[in-house]
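I have placed the structure first, in the form of structure tokens, so that the comments after it can refer back to it.
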Amino acid sequence: MGQDIFEITINGIKLIVIFLLMVQAVPILVWVERRGSAFIQNRLGPNRVGPLGLMQLLADAVKFLNKEDFLPRKAVRALFYTAPVYALIPGVIAYCAIPLGTPLQIEAFEMAGKMWGPYTFAMQGFDIGVGIVFILGISSLAAYTILMAGWGSGNKFSLMGALRASAQIISYELALGLSIVGVIMLYGTFNLTDMVLAQQGPMSFSFMGNQVVIPWLPNWGLFYQPLGFILFFAATFAESNRLPFDLAEGEAELVAGFHTEYGGFKMLMFFIGEYAHMMIAAGLVTTFFFGGYLVPGFTPAEIREFVAQNLASTPNGISAITSVIHLLAYFVKFALFLWFFIHVRWTLPRFRYDQLMDLGWKTMLPWALFNTILTAVVIYVAYNFA
Amino acid sequence: MPLGGVLFLTIFIALFGTLLIFLARAMGGDQTRNQTGVKFDPYECGIPGQEKKDTKVSVKFYLTAILFILFDIEIIFMYPWAITFRDFIEAGAGTAVGLSMLIFLLIFIFGLFWEIKSKALEWD
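Chains B and R, in that order, are what the protein sequence lines are. Start counting the first sequence at 9; every next residue gets the next number (the numbering used here). Start counting the second sequence at 22; every next residue gets the next number (the numbering used here).
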């Protein structure tokens, strides 16, 4: 985590801050979801508690805290209590591996009679070389949460919901994993920061010996991998159990799926886990296809230059303001994708289970294969026939 | 070393979640000891619960899991290839590496179509 006690402390605080931000984002997202769905359906939604109903989330939290702790007679106590706590872990850890901004550089300084630094703090929880593999591996551990909750509740609906959900998650894991192969081929790296940096500047690539530059388009992965983007984004909907893929909790058949027996704060923790997966999906789509934290039209070096001339004079200040600008750019893109998730949920109806499985195995998997082969052929042609 | 961070965050979240559960129990009341009455039956839509816990489930789920493992391993094998493909092309070995991957992909595609044809993916 770091070289000395200062760096370790800052990195630890950074992890906790990211975690608390994710937990805090959930009530706001729930509010956006409820208000948004209300406007989509020509209703008003929560608007009584506080301005615009924003305090609704505080009222909800108090209500959740005051729910009695309930354990059904046939439940397996250990699994029933572990599942909601475990639901928080994979989502948050995977999200911490996504870069959120340019690194913060701090010059050497003197404190308590000793020289410290210079330091570089990455704007992400952990800077992992094999970022994609790490995120895929950790986030698919969430399937265990669902199975633990489903088995631990000792209820038929829970068990069936859990089985459905886990079968759905692993089926779309294939399309998800395969649609990224094209992205990996494009950037030639597993590291998410390198991927983001490969997307700076205007769109330019060399094709069959000619250097092609399109100055009015950013150099984003979307324009190289449109099919990969569609497949990846659709698969993440299934991975995070959102409509139109929320077969795990089809109310008409399964009451509420794997969390039928849960209530109060334990239920809320499953919610946080689900929203964490939505955030991972939005963050990964931003990183792979929409330039991550880059501001379209400006490279980080240009923004740094602009900040140095106009906004700050000390090196620490320049670095901090540059990081904040990129952080804001990232969150704008991120919020747009989160809104897209919510909009789709209130627009599309749910699939039937066999249609869901057919879509995953017979449609998306072959298309992802096609995307891989196509990308490989194009890269091969672009390099070899000069 | 990111592993230290991962461990630290895992422990922190586990403690946080446990604390929330105990806080909710302290404020809302404990209903986990004396489980008598219909309230503690497994949820059912108004009729007395009949089922045992080992409800029989479709074998299709098991089959899906097995097929998933097969295909997932094949996809994982493609990752190291994908990351080095451009380097191989630049070193002049692109044709050999590309063709060997094509053979692997043909086996993959054959497996997928055989699986579809043998109706292993039909849900009724």
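From the three backbone atoms N, C-alpha and C, an ideal C-beta is built for every residue, glycine too. Note that the structure is a prediction, hence the values are computed from the model and not measured.
Discussion item. Any beta carbon of chain B sitting closer than 8 Å to that of Leu-30(R)?
Written reply: yes
Worksheet entry | Where Val-80(R) falls: helix, strand or coil (DSSP) | coil
Discussion item. Whole angstroms are fine: how far does the CA of Leu-155(B) sit from the CA of Phe-349(B)?
Written reply: 24 Å
Worksheet entry | For Glu-136(R), the nearest candidate out of Val-386(B), Leu-60(B), Lys-370(B), Asn-392(B) (CA to CA) | Lys-370(B)
Worksheet item: Could you give the distance in angstroms between the alpha-carbon of Phe-306(B) and the alpha-carbon of Gly-209(B)?
Response: 6 Å
Fill in: Interface residues of chain B facing Ile-34(R) [CB-CB closer than 7 Å]
Phe-27, Leu-96, Ile-97, Val-100
Discussion item. Against chain B, does Val-59(R) count as a neighbour if the rule is that its beta carbon must be under 8 Å from one of theirs?
Written reply: no
Worksheet item: Which value, in whole angstroms, describes the spacing of the CA atoms of Phe-33(R) and Gly-300(B)?
Response: 28 Å
Discussion item. Quick check: what's the CA-CA separation for Phe-9(R) versus Leu-52(B)?
Written reply: What is shown of chain R runs 22 to 145, which leaves residue 9(R) out entirely.
Practice prompt. Determine which residues of the region 11-22 of chain B have a Cβ less than 7 Å from any Cβ of chain R, and write them out in chain order.
Written response: Asn-19, Gly-20
Worksheet entry | Beta carbon proximity, Ala-86(R) to chain B, threshold 8 Å | yes
Worksheet item: Listed from N- to C-terminal order along the chain, which residues in the region 254-279 of chain B have their beta-carbon within a distance smaller than 7 Å of any beta-carbon of chain R?
Response: Val-263, Thr-268, Glu-269, Gly-272, Phe-273, Lys-274, Met-277
Worksheet entry | Those residues which DSSP pairs with Met-123(B) across a bridge | Glu-118(B)
Worksheet entry | Under 9 Å from the C-beta of Ala-175(B): neighbouring residues of chain R | Lys-81, Phe-82, Thr-85, Ala-86, Phe-89
Worksheet entry | Pairwise C-alpha distance: Thr-322(B) and Tyr-127(B) | 15 Å
Worksheet item: Interface residues of chain R around Asn-74(B) at Cβ under 7 Å?
Response: Met-48, Gly-49
Practice prompt. Give me whichever residues DSSP pairs with Met-212(B) in a beta bridge.
Written response: Met is not the amino acid found at residue 212(B); the sequence shown has Ser there. Per DSSP, Val-221(B).
Discussion item. Can you confirm whether Leu-120(R), when its beta carbon is compared against all beta carbons of chain B, has any partner nearer than 8 Å?
Written reply: no
Fill in: Leu-4(B) - DSSP class collapsed to helix/strand/coil
Because chain B spans 9 through 394 in this model, residue 4(B) falls outside it and cannot be assessed.
Item to complete: Taking only the alpha-carbon atoms, compute the straight-line gap between Asn-392(B) and Glu-95(R) and give it to the nearest angstrom.
Response: 27 Å
Worksheet item: Which residue's Cα is closest to the Cα of Leu-292(B): Gly-236(B), Glu-118(B), Gly-217(B), Tyr-270(B)?
Response: Gly-236(B)
Worksheet item: Taking Cβ-Cβ distances shorter than 8 Å, what residues in chain R pair up with Asp-77(B)?
Response: Ile-42, Ala-45, Arg-46, Gly-49, Gly-50, Asp-51, Gln-52, Thr-53
Fill in: Contacts of Leu-126(R) in chain B (Cβ-Cβ under 8 Å)
Leu-377, Thr-380, Ile-381
Worksheet item: What are the residues that DSSP puts in a beta bridge with Thr-128(B)?
Response: Gln-113(B)
Practice prompt. Determine the chain B residues that contact Trp-144(R) at a beta-carbon separation under 7 Å, and present them in chain order.
Written response: Tyr-361, Asp-362, Met-365
Practice prompt. Specify the secondary structure class of Asp-51(R) as computed by DSSP and reduced to three states.
Written response: strand
Discussion item. Quick check on Val-34(B): buried or exposed, where buried means 16 or more other Cβ atoms within 10 Å of its Cβ?
Written reply: buried
Fill in: Three-state secondary structure (DSSP) of Asp-93(R)
helix
Worksheet item: So, Thr-5(B) versus Met-131(B), is the Cβ gap smaller than 8 Å?
Response: Absent from the structure is residue 5(B), since the part of chain B shown begins at 9 and ends at 394.
Worksheet item: Closest to Ile-130(R) by CA distance: which of Ala-384(B), Trp-375(B), Ile-387(B), Ala-390(B) is it?
Response: Trp-375(B)
Worksheet item: Using a C-beta to C-beta distance shorter than 7 Å, which residues of chain R count as neighbours of Leu-373(B)?
Response: Leu-133
Fill in: Stretch pair the region 185-203 of chain B + the region 105-121 of chain B: three plus CB contacts closer than 8 Å
yes
Practice prompt. Would you check if the region 308-317 of chain B and the region 64-74 of chain B touch, i.e. whether three or more CB-CB distances between them fall below 8 Å?
Written response: no
Worksheet item: Taking Cβ positions only, does Ile-137(R) come closer than 8 Å to chain C?
Response: In the structure shown, chain C does not exist; the protein chains are B and R.
Discussion item. Against Gly-26(R), what residues of chain B qualify as contacts under a CB-to-CB distance less than 7 Å, listed in chain order?
Written reply: Met-9, Asn-19, Leu-23, Gly-133, Phe-134
Fill in: Contact list for Ala-103(R) against chain B, beta-carbon separation under 7 Å
Val-189, Ile-192, Met-193
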